[in-house]
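Step one of this worksheet: look at the structure below.
Residue numbers (this note's numbering): 9 to 249.
As structure tokens, this is what we get:
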């Protein structure tokens with residue numbers, strides 16, 4: 009495993025005029041939002057790719073708005089996770105990989121998140137076959153399981169064997185066990201409420217886990233700027249220590 013990693017903190021989106029003026033300046037134009045976002049946060053989980061594949065023009069605009077230390081993570085297409093449900097996805101994975109190739113080649117790639125639907129119960133053989141196909145991407149892969157049947161040693165061992173991460177996702181309804189299965193970590197922080205003490209604990213945990221590899225943490229994107237402000241507070245806490 010890596011000896012030391014970086015901590016990347018952000019949200020699952022950035023294009024929200026309703027984040028003004030608390031997060032974005034009141035008069036900031038929409039086309040400047042990502043550029044400003046990248047001055048306060050150092051990663052974003054792109055949800056755009058859940059429904060559509062980006063064109064080269066779109067990825068070029070994202071790269072132009074951010075610096076070399078910024079990282080883009082991508083939510084895997086719903087055609088893979090929700091429609092095909094990980095079955096026979098080699099062609100879909102290839103198309104997805106080609107669409108984000110400019111980001112990969114720029115050196116600003118974070119991870120790919122495969123968020124499975126809540127009604128998708130554990131299927132270890134299918135996950136094994138999918139991970140074999142997904143290895144062709146050559147990327148950091150993280151899996152968010154939303155049914156308790158996935159939280160078993162068989163699944164953890166399979167993820168370890170393929171170098172894929174179990175995403176530690178928390179919401180008001182479900183919390184994923186924090187089990188390290190890769191040399192990087194993925195957190196999705198979706199609770200409706202986080203106190204200052206909670207955010208301090210999150211920052212401390214992210215710093216600690218960076219000792220084992222890169223850490224990616226994403227707060228919920230909402231119409232209100234709450235998630236972005238929480239992410240900025242955690243990043244500031246980490247940067248100041």
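Glycine included, each C-beta is placed from N, C-alpha and C at the ideal position.
- Cβ neighbours of residue 208 within its own chain (closer than 8 Å, five residues either side excluded): 245.
- Counting every other CB atom within 10 Å of its CB across the protein chains shown gives residue 162 a total below 16, marking it as exposed.
- Excluding sequence positions up to five before and after residue 138, its CB lies within less than 7 Å of the CB of 94 and 97, all in the same chain and listed in chain order.
- Sorting 144, 175 and 169 by C-alpha distance to the C-alpha of residue 155 places 175 at the top.
- Secondary structure of residue 186 (DSSP, three-state): coil.
- Restricting attention to beta strand (DSSP E) runs no shorter than 3 residues, the segment 24 to 92 encloses them at 51 to 54 and 79 to 83, ordered along the chain.
- Remark: fewer than three beta-carbon pairs, one from each stretch, lie closer than 8 Å, so the segment 23 to 35 and the segment 59 to 69 are not flagged as touching.
- If you look at residue 123, you'll find it in the beta strand (DSSP E) that goes 117 to 123.
- Beta-carbon to beta-carbon, residue 166 and residue 120 are separated by about 17 Å, too far to satisfy the 8 Å threshold.
- Annotation: residue 94 is outside any alpha helix (DSSP H) and is labelled neither H nor E by DSSP.
- Following the DSSP letters along the chain, one finds residue 195 inside the beta strand (DSSP E) bounded by residues 192 to 197.
- With fewer than 16 other beta carbons inside 10 angstroms of its own, residue 231 counts as exposed.
- By the beta-carbon neighbour count (other beta carbons within 10 angstroms, threshold 16), residue 76 is exposed.
- Taking residue 65 as reference, the option from 55, 49 and 109 with the minimal CA-CA separation is 109.
- Taking 8 Å as the cut-off, the Cβ atoms of residue 118 and residue 151 do not count as close.
- Here the alpha carbons of residue 187 and residue 68 stand approximately 35 Å from one another.
- Residue range 161 to 170 is occupied by the alpha helix (DSSP H) that includes residue 167, with no beta strand (DSSP E) assigned at that position.
- As a beta-bridge residue in DSSP terms, residue 227 pairs with 19 and 197.
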